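S.K.: Structure in structure tokens, see below.
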Amino acid sequence: MSLLLETRELSRRFGSIEALTGVSVRVAPGAIGLIGPNGAGKTTLLRVLLGLVPASSGSAYVFERDAGLEGIRIRERVGYMPEHDCLDPHMTGIGFVAYMGRVGGLPKEAAFQRAHEVLQFAGLREERYRLISEYSVGMRQRVKLAQALVHDPSLIILDEPTAGLDPAGRDGMLTLLRTLAGRPGRSMILSTHLLGDIETVCDQVVMLNLGRLLAAGRLDELKAGGAGELVVRTKGDPTPLVAALERRGIHARLEGLELRFPGPAGGTRSVFEAARDSGTQIRSIGPSVRTVEELFLKLVQPAEAS
Amino acid sequence: MSIRPPEYDRAPPALRPRSARVRAIVEEGVRERTRALNIVLLAFIFIVVLLPLGFIFYFEATFGSLVGSAPSRLSLLDFPFELDFWMFFLILLTASVGAASVAGDRATRALTLYLARPITRTDYLAAKTGVVGIWVGLGAILPGLIGVVILLALGYLSLPVALEGAGGYLLVGLIGTGAFTGLAILLSSLTARSTVAGAGIFGSLIGVHAVVAVLSGISGQSSYLYLSPIEDVLAMAKGVFGVSGNSLDPWVAGAGMVALAGVTLGLAHELLRGAEVVEE
Amino acid sequence: MIEVVRAEAATKRYGEVLGLNGFSATFPPGITGLIGPNGAGKSTLFRVLTGQLSLDWGRVAVLGRDPWGSPPPRGLIGYCPEHAAMYDGMTAREFVRYLLRLDGLEARESSERAAEALARVGLSGAADRRLLGFSKGMRQRVKIAQAIATDPQLLLLDEPLNGLDPLGRVQMLALFEALAAKGRHVIVSSHVLYEVERLTQEVVLISNGRVAAQGNIHRLREAIDGHPHSVVFKTPDPRRLARLMTELENVTAVVLLPPDGLSVLTRTPDEFYSALPKLVVEQGLDIREMSSPDDNLEAVFRFLTE
Numbered sequence: 001m002s003l004l005l006e007t008r009e010l011s012r013r014f015g016s017i018e019a020l021t022g023v024s025v026r027v028a029p030g031a032i033g034l035i036g037p038n039g040a041g042k043t044t045l046l047r048v049l050l051g052l053v054p055a056s057s058g059s060a061y062v063f064e065r066d067a068g069l070e071g072i073r074i075r076e077r078v079g080y081m082p083e084h085d086c087l088d089p090h091m092t093g094i095g096f097v098a099y100m101g102r103v104g105g106l107p108k109e110a111a112f113q114r115a116h117e118v119l120q121f122a123g124l125r126e127e128r129y130r131l132i133s134e135y136s137v138g139m140r141q142r143v144k145l146a147q148a149l150v151h152d153p154s155l156i157i158l159d160e161p162t163a164g165l166d167p168a169g170r171d172g173m174l175t176l177l178r179t180l181a182g183r184p185g186r187s188m189i190l191s192t193h194l195l196g197d198i199e200t201v202c203d204q205v206v207m208l209n210l211g212r213l214l215a216a217g218r219l220d221e222l223k224a225g226g227a228g229e230l231v232v233r234t235k236g237d238p239t240p241l242v243a244a245l246e247r248r249g250i251h252a253r254l255e256g257l258e259l260r261f262p263g264p265a266g267g268t269r270s271v272f273e274a275a276r277d278s279g280t281q282i283r284s285i286g287p288s289v290r291t292v293e294e295l296f297l298k299l300v301q302p303a304e305a306s
Numbered sequence: 307m308s309i310r311p312p313e314y315d316r317a318p319p320a321l322r323p324r325s326a327r328v329r330a331i332v333e334e335g336v337r338e339r340t341r342a343l344n345i346v347l348l349a350f351i352f353i354v355v356l357l358p359l360g361f362i363f364y365f366e367a368t369f370g371s372l373v374g375s376a377p378s379r380l381s382l383l384d385f386p387f388e389l390d391f392w393m394f395f396l397i398l399l400t401a402s403v404g405a406a407s408v409a410g411d412r413a414t415r416a417l418t419l420y421l422a423r424p425i426t427r428t429d430y431l432a433a434k435t436g437v438v439g440i441w442v443g444l445g446a447i448l449p450g451l452i453g454v455v456i457l458l459a460l461g462y463l464s465l466p467v468a469l470e471g472a473g474g475y476l477l478v479g480l481i482g483t484g485a486f487t488g489l490a491i492l493l494s495s496l497t498a499r500s501t502v503a504g505a506g507i508f509g510s511l512i513g514v515h516a517v518v519a520v521l522s523g524i525s526g527q528s529s530y531l532y533l534s535p536i537e538d539v540l541a542m543a544k545g546v547f548g549v550s551g552n553s554l555d556p557w558v559a560g561a562g563m564v565a566l567a568g569v570t571l572g573l574a575h576e577l578l579r580g581a582e583v584v585e586e
Numbered sequence: 587m588i589e590v591v592r593a594e595a596a597t598k599r600y601g602e603v604l605g606l607n608g609f610s611a612t613f614p615p616g617i618t619g620l621i622g623p624n625g626a627g628k629s630t631l632f633r634v635l636t637g638q639l640s641l642d643w644g645r646v647a648v649l650g651r652d653p654w655g656s657p658p659p660r661g662l663i664g665y666c667p668e669h670a671a672m673y674d675g676m677t678a679r680e681f682v683r684y685l686l687r688l689d690g691l692e693a694r695e696s697s698e699r700a701a702e703a704l705a706r707v708g709l710s711g712a713a714d715r716r717l718l719g720f721s722k723g724m725r726q727r728v729k730i731a732q733a734i735a736t737d738p739q740l741l742l743l744d745e746p747l748n749g750l751d752p753l754g755r756v757q758m759l760a761l762f763e764a765l766a767a768k769g770r771h772v773i774v775s776s777h778v779l780y781e782v783e784r785l786t787q788e789v790v791l792i793s794n795g796r797v798a799a800q801g802n803i804h805r806l807r808e809a810i811d812g813h814p815h816s817v818v819f820k821t822p823d824p825r826r827l828a829r830l831m832t833e834l835e836n837v838t839a840v841v842l843l844p845p846d847g848l849s850v851l852t853r854t855p856d857e858f859y860s861a862l863p864k865l866v867v868e869q870g871l872d873i874r875e876m877s878s879p880d881d882n883l884e885a886v887f888r889f890l891t892e
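Chains as they are written, first to last, in our numbering: chain A, 1 to 306; chain B, 307 to 586; chain C, 587 to 892.
See below:
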């Protein structure tokens, strides 16, 4: 499979500040979480990939095109949803999205047709005919998403798409993002500080810190190699289950609401036995996996200390 | 019957070239300005009614009869430039359509969206220049042309003089439009506040004119007047229509205007190069 | 048990707009999460609790006192508002010191406390830089620093993690936990429910200016046990598990998720989970993983606000 993007020893300086230093990464198509603290170089990386800022040294390729030379060809196939507000309040939702489609190169008719389709997808119905100045935060986020999708890009880049949304709004946006992430032949870069969101949407991550690459790869591979423990959650008080496990020679420790213990040789059966004997409801059981956050903190903190 | 799930994916049509993308911005920009109804009204009243009427009254007052023999003097066509209110109107129009051109996109931060699209910064600036240029051009060129047509129809002008006059209005109007538009685009690129940009455009045109007029009055040096775009337009018009007593060299004035357009647009382009696209 | 905050039918209107509508709740000691949709009245509640707004009807008591009529001494309550303008010309240290001086502290003590608070939020290095150049995450840290600077008994935090990067989020969550461990009380609002869930098990759900639910997250969860619930299994032989599941009376749907997954919809989760250990043991099932997408705070919230 061809690569979605690749950088080779990519560096970018702004005056005396090194925003990116020798970043070499190869990323396959898919849903990619872009993770990094403030000042990690995420923004600069995106700007270089869009062909808006040239590399100081090294090179960057998107869809196997050189970002330094073919920025326009790359941007024809990329949709970008910025974090900040960027909509013209005097236009209607439909008018704005169709207009952005035309600026992206769509013929007028096709632009309107697709604008309707993507707004429908984004969940804006009758409101699309109203002025953007009357929209709520949630509706604006949806228009921002729609304008990034209007030209059916091969790659969408989303910057903090759930910013400012309340729980229901977040839920709706994350559902949309999961749908988008699941499309074959279409890729996504999700840049967000909410690592839990990346966990539920993305299948790959790229982690940056202080302008350098920390890690990149498939999430399931990066997260593998947990402690080999089982994690169990119960309904109500877990202590009877702890005692019942103890009788079977399993030493479980309580961490927050979860029981953790080394996976027994015979799989989970002995745990269910203990649950049956102690009359405890098991609400979830499974091997412990490293969260993206654990992974990130483990990689970042040595770098911070130095 | 086929059932299609509601989705947005559909094979996209072939993309149109960059020129079409620029045209989309120009179309939307020109259309958008019509939403500021006062500008449209102002422009319409001025272009279609006031100036041509002025022509007729002027010629009527000069020659006394609506059905006379055609005087056909080219120099008479310089008269609307002597009306201060045309220049004033042009400055007002430039300030109102030019103020928000780039500043508005900076304020709403839509600039990010433009630059993330498959166009260059130059394309964007060209489109915005087109929007302002079209509106300013309407106010700078159209009244003269309409006036010539009316005067021709009423028999005040002979055809050759009318054609020569139309060419004159076109030439002076185009150069003036270029300079005014360039200035507007530059000032609008400097700030994210449209009102500040508008005041800047208005002030720099009127203000410079006033200062230069005073300076040249005190020193008796008419060459200070080259610094005022308004004086340059007037000097060009005098040259083109062959009016005597021109204190400025129309060629120098014209070259100055062209240079002003070039320098301002070049500076605006440089400013835009530093514009952030994906912000921290 | 002491009550940190007690509200009885608290009502506040702004003209025709309702802020709080008969809001009655008690906030226990320790950390309490306040969650709700945009416009539900969270910020109004915070302003009432800090004595910035008076109620139209009803009563509130904060640490046993009426915040409007007889406000508690300054410095007893720390408040981190969601949106706040700052004096951009000041440095972080000057800003926090200035606010402490307004609270009536002596110059020397203000300086000491400001330095201490800025150190706790990890801003020692940037304390003498002007706020003008601060990123969103750094501003958020300054807001938190001024809230904790007087070492208040009660900390009111309105969306305190907005704009913080992953590292900042973890550090601030740890800070709130440390304060709670020292016996301070914290009321924190957030739209990111999994972060609330990490911090506390006590939540108040506010919707339309009223309390939609309050109490322990687990008890809230159990309250929705009477409603249909889906459970996802991973097992080497999902078809056999599917056959067994269809025989259970309270199971209404079974969906195979190849290669090794199975999703089960049950009408009565409580019964289902009670019967499960016995079934697993007797049938010798090999359950590798079991979890429910309906068993988290998001699901509870969705249920209660829909």
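Each residue gets a CB set at the ideal place from its N, CA and C atoms; glycine is no exception.
What you are looking at is a predicted structure, and each value in this text was computed from that prediction instead of being measured.
Please decide whether C/GLN787 counts as near chain A, where near means a Cβ-Cβ distance under 9 Å.
M.R.: yes
S.K.: Whose C-beta lies closer than 6 Å to the C-beta of A/HIS90 among residues of the same chain, with five residues either side of it excluded?
M.R.: none
S.K.: Do A/GLN281 and C/ASP856 have their beta-carbon atoms positioned less than 9 Å apart in this structure?
M.R.: yes
S.K.: When you compare the CB positions of B/VAL403 and B/ALA490, do they come within less than 9 Å of one another, or not?
M.R.: yes
S.K.: Interface residues of chain C around A/SER284 at Cβ under 7 Å?
M.R.: MET876, SER877, SER878, ASP881
S.K.: Answer yes or no: does any C-beta atom of chain A fall closer than 9 Å to that of C/LEU750?
M.R.: Output row for C/LEU750: interface = yes.
S.K.: Using a beta-carbon distance cut-off of less than 9 Å, what residues from the region 10–42 of chain A approach chain C?
M.R.: So the list reads ILE35, GLY36, PRO37, ASN38, GLY39, ALA40, given in the order they occur along the chain.
S.K.: Can you list, in chain order, the residues of its chain with a C-beta nearer than 7 Å to that of C/ALA661? Leave out the 5 residues immediately preceding and following it.
M.R.: For the record, residue 661 of chain C in the displayed sequence is Gly; it is not Ala. Counting only Cβ-Cβ distances below 7 Å, and skipping sequence neighbours, we find ASP689, THR736, PRO738.
S.K.: Out of B/VAL438, B/SER510, B/ASP411, B/ALA416, which one is the CA nearest neighbour of A/TYR80?
M.R.: B/ALA416
S.K.: To which residues does DSSP link A/HIS217 through a beta bridge?
M.R.: The amino acid occupying residue 217 of chain A in the given sequence is Gly; His does not appear at that position. Per DSSP, A/VAL205.
S.K.: Go ahead and pull the three-state DSSP assignment for C/GLN787.
M.R.: coil
S.K.: Identify whether C/LYS598 lies in helix, strand or coil by the three-state DSSP scheme.
M.R.: Strand, per DSSP.
S.K.: Report the rounded CA-to-CA distance for B/TYR530 versus B/VAL514, giving the unit in angstroms.
M.R.: Answer to the nearest angstrom: the Cα atoms are 10 Å apart.
S.K.: Please classify C/GLY801: does DSSP put it in a helix, a strand, or coil?
M.R.: strand
S.K.: Closest Cβ-Cβ distance between A/GLY228 and chain C: below 9 Å?
M.R.: no
S.K.: How should C/GLY682 be labelled, buried or exposed, when 16 other C-beta atoms within 10 angstroms of its C-beta is the threshold for buried?
M.R.: Correcting the residue type first, residue 682 of chain C is Val in the shown sequence and not Gly. Buried, because 16 or more other Cβ atoms sit within 10 Å of the Cβ of C/VAL682.
S.K.: Start and end of the beta strand (DSSP E) containing A/PRO262?
M.R.: 258–262
S.K.: Could you tell me which chain A residues have their CB closer than 7 Å to the CB of B/PRO424, listed as they occur along the chain?
M.R.: ILE72, ARG75, GLU76, GLY104, GLY105
S.K.: Output needed for A/ARG130: all residues of its chain with C-beta closer than 8 Å, excluding positions within five of it in sequence on either side, in chain order.
M.R.: THR92, GLY93
S.K.: On the CB-based measure, 16 or more other CB atoms within 10 Å of its CB, does A/ALA163 come out buried or exposed?
M.R.: buried
S.K.: If we count Cβ pairs, one from each stretch, closer than 8 Å, do we get three or more for the region 642–658 of chain C versus the region 800–809 of chain C?
M.R.: no
S.K.: What residues match up with A/THR234 in a beta bridge as DSSP calls it?
M.R.: Answer by DSSP bridge pairing, in chain order: A/ILE282.
S.K.: Identify whether B/SER464 lies in helix, strand or coil by the three-state DSSP scheme.
M.R.: coil
S.K.: Going by the C-beta, is C/VAL867 closer than 8 Å to any heavy atom of the ligand ADP?
M.R.: The model on display carries no ligand, and the ligand ADP is accordingly not part of it.
S.K.: Cutting at 6 Å between CB atoms, please list the residues of its own chain near B/ALA330, excluding the five before and the five after it.
M.R.: No residues qualify anywhere along the chain.
S.K.: Quick one: Cα of C/PHE889 to Cα of A/PRO184, how far?
M.R.: When rounded, the distance between both Cα atoms is 32 Å.
S.K.: Using a Cβ cut-off of 9 Å (strictly closer), state whether A/TYR129 contacts chain B.
M.R.: Contact with chain B is absent for A/TYR129, since none of that chain's Cβ atoms lies less than 9 Å from the residue's Cβ.
S.K.: Mind checking if A/MET139 is an interface residue toward chain B, Cβ cutoff 9 Å exclusive?
M.R.: Closer than 9 Å to the CB of A/MET139 there is not a single CB belonging to chain B.
S.K.: For the alpha helix (DSSP H) holding B/GLY453, just list the boundary residues, first then last.
M.R.: 427–459
S.K.: Which value, in whole angstroms, describes the spacing of the CA atoms of A/THR175 and C/LEU606?
M.R.: One C-alpha to the other measures close to 31 Å.
S.K.: Checking contacts by CB at 9 Å: is C/TYR673 closer than that to chain E?
M.R.: Protein chains in the displayed structure are A, B and C, and chain E is not among them.
S.K.: When the Cα atoms are used, what is the spatial distance from B/GLY410 to B/VAL517?
M.R.: 30 Å
S.K.: Select from B/ALA567, B/LEU458, B/GLY484 the residue whose C-alpha is nearest the C-alpha of B/LEU380.
M.R.: Ranking the options by Cα distance to B/LEU380, first place goes to B/LEU458.
S.K.: Run down chain A in chain order and give the residues with a C-beta less than 8 Å from the C-beta of B/ILE440.
M.R.: In chain order: nothing, as chain A lies at least about 18 Å away.
S.K.: Helix, strand or coil for C/ARG623, going by three-state DSSP, please let me know.
M.R.: Position check: residue 623 of chain C holds Pro in this sequence, whereas Arg was assumed. C/PRO623: coil per DSSP, three-state reduction.
S.K.: Determine, for A/CYS202, whether the minimum Cβ-Cβ distance to residues of chain B falls below 9 Å.
M.R.: no
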